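Same order as they appear, the protein sequences are chains G and S. Numbering-wise, the first sequence is residues 28 to 164 according to my numbering. Numbering-wise, the second sequence is residues 28 to 164 according to my numbering. Built from N, CA and C at the ideal position, the CB exists for glycine as well. In this text, all values refer to a predicted model and were calculated from it rather than measured experimentally. Structure first, then comments.
There are 2 protein chains.
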Amino acid sequence: MPTPSPRLTPQRKIILEVLRGTRSHPTADEVYDMVRERLPNVSLGTIYRNLDFLHSQGIIRKLDKLGSQMRFDACIDPHLHVCCIECGKVGDLPADAASVSLRRDAGMDTQCAFRITGHWLELYGICADCLTEHTSG
Amino acid sequence: MPTPSPRLTPQRKIILEVLRGTRSHPTADEVYDMVRERLPNVSLGTIYRNLDFLHSQGIIRKLDKLGSQMRFDACIDPHLHVCCIECGKVGDLPADAASVSLRRDAGMDTQCAFRITGHWLELYGICADCLTEHTSG
DNA sequence: ATATCTGCAAAGGATTTGCACGAGT
DNA sequence: ACTCGTGCAAATCCTTTGCAGATAT
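Encoded structure:
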């Protein structure tokens, strides 16, 4: 059987262009607004579906830990995000700047123009129960 | 004027007891179910309001980065959380085990019975724009 | 009395989904 | 033809809110 062939529709193309044209890590809503400037009849559902598709293909990053709304990032290189606790703005930080920033809590980080005040670290893994199911099943 | 005097209602008391009686970092919904066993007529709104109140008083922790629903933790000592990517279960990790776990990605961490497969680090701060507003205003 | 708190139900915001139509191969 | 994608609107999920009645000091 032939492999499924995703299509590069105008919507999909413009959504990706819009995302690649900004460094602001926009929400779906903000992407919607930007895309509508070029494609007035696009629907929000299409935005969500395409952002999801692009993410599933590894073409964009989905940032779901930066507030109440998801944000999206066309830059998939490993890097960290800094979130402003006042206005919610999201900035980038080169990966190798992390340890520097963590040690400098409450100091101004010259590399990202944010004064770092805190951080959040969370681990992912597989719990013992799920591990057992894997090995026994 | 007298300081406001929050009351220790039965609802509030039981919610806190229930939360202190588990290490499962329950969602509001799960707290609701547990509380209803002792207080069948409690409402979900009351659960949310009290969890919020307890959090605002620094009595419990609110974990909003562990999936789509908020989770709550009566243990406010600094410690990390490990989230199972299969079933969503959340475990604890002593703070000083963090560096160990990060170095052991994909290895089994004996301290928390999770096999750590990844992590997420995010920074918080104040952006240049908001800093300017503070210093100039 | 009065401020705090409750249960109920409705509202809210973000995201997902069902469906019939449209477009590419 | 057939599959994939779209617009629209409704549905869903989690959380918050308005309100009238209840409770404690």
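is_contact[residue i, chain S] using C-beta, thresh 7 Å
i	result
residue 142 of chain G	yes
residue 89 of chain G	no
residue 149 of chain G	yes
residue 85 of chain G	no
residue 146 of chain G	yes
residue 92 of chain G	yes
residue 102 of chain G	no
Proximity test, Cβ basis, 7 Å: residue i and chain G
i	result
residue 113 of chain S	yes
residue 166 of chain S	Here chain S has residues from 28 to 164 only, and residue 166 of chain S is not among them.
residue 153 of chain S	yes
residue 108 of chain S	yes
residue 116 of chain S	yes
residue 157 of chain S	yes
Per-residue DSSP class, three states only, for residue i
i	result
residue 25 of chain G	Because chain G is modelled from 28 through 164, residue 25 of chain G falls outside the range shown and cannot be assessed.
residue 157 of chain G	helix
residue 63 of chain S	helix
residue 119 of chain G	strand
residue 77 of chain G	helix
residue 82 of chain S	helix
residue 148 of chain S	strand
residue 98 of chain G	strand
Contacting residues, own chain, Cβ-Cβ under 6 Å from residue i (five flanking each side not counted)
i	result
residue 71 of chain S	59
residue 51 of chain G	none
residue 82 of chain G	89
Exposed unless 16 or more other CB atoms sit within 10 angstroms - verdict on residue i
i	result
residue 149 of chain G	buried
residue 35 of chain G	exposed
residue 68 of chain G	exposed
residue 103 of chain G	exposed
residue 100 of chain G	buried
residue 47 of chain G	exposed
Neighbourhood of residue i by C-beta distance below 7 Å, restricted to the same chain and skipping five residues each side
i	result
residue 158 of chain G	none
residue 38 of chain G	66, 69, 73, 77
Per the contact definition of three or more C-beta pairs closer than 8 Å, is the stretch 59 to 78 of chain S in contact with the stretch 149 to 158 of chain S?
-> Segments in contact, no.
The stretch 107 to 115 of chain S contacting the stretch 108 to 121 of chain G, beta-carbon criterion three pairs below 8 Å = Judged by Cβ distances under 8 Å, the stretch 107 to 115 of chain S makes no contact with the stretch 108 to 121 of chain G, as fewer than three pairs qualify.
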